[in-house]
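FYI, the numbering for the sequence shown is 16 to 573, going by this note's numbering.
In what follows, a single structure is set out as structure tokens and then discussed.
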Amino acid sequence: MIKSTTDTSGKLSAPLSAPTYQSMSITTKTPTMSRCLLSVAVASALLLSGCGDDDDDNDTASVIFPTSVETISAFSTAQIDGIPGLENAGTPDAKCDIKVEKVTYQTVGSAGEVTNATAALMLPSGEGADCSGDRPVLLYAHGTTTDKSYDFSQVGNPQNSGSGEATLIAANFAAQGYIVVAPNYAGYDDSELDYHPYLVAEQQSADMIDALNSSRIVIDAQKRDKNTNYANIDDSGELYISGYSQGGHVAMATARALEAQNKPVTAIAPLSGPYALAAFGDAIFTGNVNLGATRFAPLLTTGLQKKYPSIYDNVNEIFTDQYANTILPSDSSFEQLVEDNKLPGFALFQSKSTGNAVLDQLPFSTLPFAFLGFSPDNYLIKTDFRAAYVTDVLANPDGLTATTPAGIPAASPQNELRKALKDNDLRGYVPKMPTLLCGGHRDPTVYYDLNTGAMTAQLQQANLNVTVLDVDNENEAGRGIPTLLPLGQSALANPWLMTNTIDNIQSRFNNNVDAAGAGLLSSYHGGLVASACTDATREFFNQDFSASASASASANRT
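If you want it as structure tokens, here you go:
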């Protein structure tokens with residue numbers, strides 16, 4: 016069983032200031048290895064939190080990678096507002112200056128092996144009322160990338176592939192007064208793990224929790240050291256969790272993990288995530304290939320194999336010989352990998368006729384872009400492997416269909432990859448905290464009706480506070496599905512639903528869709544929906560969750 020390598024009771028406090036792209040390492044030598052929960056070194060201090068007796072019940076990893084922090088950059092409000100790319104994203108004017116730090120922390124891989132990872136820590140500062148004192152914390156999970164160098168601390172730095180999403184979150188949250196913790200995940204940036212545990216729910220939630228608690232320890236240690244940059248803000252006890260695409264799945268898995276630990280979470284906003292992972296995999300393997308599939312498949316199979324070693328004996332069983340040795344994440348960009356013939360740009364499967372009776376009898380997909388996922392000779396996944404998967408789909412079908420949108424995963428899948436996908440499928444989780452689910456129904460990368468629709472169908476409970484938002488209201492009447500669906504108590508509990516906020520978000524989205532023109536397909540998921548749902552998340556989190564917040568604060572301070 017994967018365990019977070021940090022204790023979840025660490026408390027936070029924090030602020031900011033520093034010269035742009037100054038690099039200042041604040042770390043100490045590796046401590047003596049011991050069986051101590053959260054035995055990590057931070058700056059000059061202290062804080063050996065949660066040490067237990069040396070007994071078999073402690074079940075924690077010895078510290079190999081001490082927690083450390085370095086200053087990356089600082090931005091004034093004017094600089095934040097001037098960063099290119101935010102013009103049509105609905106981002107409000109910055110209220111606070113921000114300081115961006117990078118925290119290095121210990122976590123685990125899919126197999127429970129000890130490794131390190133890094134996270135961006137964004138701190139608000141300034142004279143405004145929202146920039147000091149008790150501040151809420153946003154724990155944010157980023158979307159899929161194949162770039163090993165992806166670094167969420169590179170706000171405003173176009174030389175790093177993490178800059179766009181990082182800047183969007185910095186402007187919408189840190190510059191509005193939130194303390195932001197955004198892990199790069201194990202396997203990225205300076206992590207020594209040679210793969211990424213992609214969509215492995217248990218590991219990814221542990222990674223998020225490790226990043227959160229290590230960041231809290233960093234802030235506490237800096238305050239104890241009288242660092243003036245950290246002097247004016249404290250943890251309010253409010254914890255918000257969000258993430259986009261892969262991060263939507265990670266955010267929901269993290270909320271589930273914290274809830275299971277009885278750790279309070281104020282509200283969550285999973286965005287465009289592959290929550291119904293088993294059904295999504297079945298849809299793709301039976302011919303409904305999504306855009307980006309050749310990026311996702313190597314990340315997914317490698318990450319899952321580390322936790323479920325029976326998926327394959329050799330990677331050549333899954334991938335065609337031309338691509339079998341390509342490792343992700345990579346130091347090369349995805350575009351460079353395609354140019355170097357190390358990955359196909361779109362083709363996941365062999366096109367008909369494959370010579371396999373199971374595959375050749377499948378109907379063609381009605382999705383207008385699915386044909387891109389097929390090629391007669393230059394494709395990623397071996398036909399025999401796909402046929403074995405599809406054979407199991409037909410013998411042990413998933414319960415999710417157009418007529419049963421609340422269907423559950425197949426009871427007894429026999430295919431090892433399907434078993435692993437089922438184990439990381441989030442259907443069945445019912446969040447108890449206020450929740451926003453957001454996406455766009457024309458998404459060609461993470462199918463909205465299959466994933467957000469599945470979660471919506473199962474959350475029809477009166478005692479919940481769940482709001483479902485489709486930012487794309489194109490053809491709402493024709494679809495017969497409302498683009499705003501308050502579930503349970505949300506219509507009464509969320510005053511933002513009584514304003515014109517959502518109309519403004521959808522209107523701005525429609526304008527951006529029109530402006531995208533021929534580039535709509537490529538920009539829909541990663542650009543247009545991402546910015547619109549981030550806008551909605553900020554508005555959702557800015558409500559008064561006083562009951563949740565006070566309970567959260569009380570529990571965090573106990």
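All C-beta atoms, glycine included, are put in the ideal place defined by N, C-alpha and C.
Distance CB(residue i)-CB(residue j) smaller than 8 Å
i: residue 394; j: residue 374; result: no
i: residue 341; j: residue 357; result: yes
i: residue 176; j: residue 160; result: yes
i: residue 290; j: residue 441; result: yes
i: residue 12; j: residue 124; result: In this structure the chain extends from 16 to 573, so residue 12 is not present and cannot be described.
i: residue 274; j: residue 152; result: no
i: residue 249; j: residue 150; result: yes
i: residue 188; j: residue 195; result: yes
i: residue 464; j: residue 524; result: no
i: residue 113; j: residue 190; result: yes
i: residue 517; j: residue 502; result: no
i: residue 257; j: residue 224; result: no
i: residue 327; j: residue 434; result: no
i: residue 420; j: residue 437; result: no
i: residue 314; j: residue 292; result: no
i: residue 552; j: residue 286; result: yes
i: residue 116; j: residue 82; result: no
i: residue 214; j: residue 261; result: yes
i: residue 263; j: residue 288; result: yes
i: residue 163; j: residue 345; result: yes
Opening and closing residue of the alpha helix (DSSP H) in which residue i lies
i: residue 184; result: 178-187
i: residue 463; result: 463-473
i: residue 404; result: 398-410
i: residue 549; result: 545-556
i: residue 233; result: 216-239
i: residue 433; result: 431-438
i: residue 322; result: 308-322
i: residue 169; result: Taken as a continuous stretch (DSSP letters only), residue 169 belongs to no alpha helix (DSSP H), as it is neither H nor E.
i: residue 351; result: 349-354
i: residue 262; result: 261-275
i: residue 537; result: 535-538
i: residue 494; result: 491-494
i: residue 292; result: 292-300
i: residue 373; result: 372-375
Residues bridged to residue i [DSSP beta-bridge criterion]
i: residue 522; result: For residue 522, which the question treats as bridged, DSSP gives no partner whatsoever.
i: residue 150; result: 250
i: residue 453; result: 286 and 484
i: residue 113; result: 90 and 139
i: residue 122; result: 130
i: residue 365; result: 390
i: residue 256; result: 154 and 283
i: residue 345; result: 162
i: residue 334; result: 396
Residue environment, residue i, which counts as buried when at least 16 other CB atoms sit within 10 Å
i: residue 45; result: For residue 45, the predicted model reports a pLDDT of 30, less than 50, meaning its position is unreliable and no value from the coordinates is stated.
i: residue 542; result: buried
i: residue 37; result: Here residue 37 scores only 30 on pLDDT, less than 50, and its place in the model should not be relied on; the value that follows carries that caveat. Residue 37 is exposed by the Cβ-count criterion.
i: residue 366; result: exposed
i: residue 218; result: buried
i: residue 295; result: buried
i: residue 279; result: buried
i: residue 237; result: buried
i: residue 513; result: exposed
i: residue 119; result: buried
i: residue 559; result: exposed
i: residue 325; result: exposed
i: residue 88; result: buried
i: residue 385; result: buried
i: residue 515; result: exposed
Span of the beta strand (DSSP E), counted from its first residue to its last, around residue i
i: residue 89; result: 83-90
i: residue 198; result: 194-198
i: residue 140; result: 129-140
i: residue 501; result: 499-503
Cβ of residue i within 8 Å of any chain B Cβ
i: residue 166; result: Given the protein chain composition of this structure (a single chain), no chain B is represented.
message: Quick check: the region 261-280 against the region 163-176, are at least 3 beta-carbon pairs closer than 8 Å?
response: no
- prompt: Is the region 540-555 close to the region 86-106, with three or more CB pairs under 8 Å?
  reply: yes
query: Are the region 186-203 and the region 127-136 touching, with three or more C-beta to C-beta distances below 8 Å?
result: yes
query: Three or more C-beta pairs closer than 8 Å, one from the region 308-319 and one from the region 452-459: is that the case here?
result: no
- request: Answer yes if the region 499-511 comes into contact with the region 466-485, meaning at least three C-beta pairs across the two stretches below 8 Å, and no otherwise.
  value: yes
Contact the region 402-416 vs the region 429-443: 3+ CB pairs below 8 Å: yes
message: Closer than 8 Å is the cut-off here; do at least three beta carbon pairs connect the region 301-311 with the region 381-388?
response: yes
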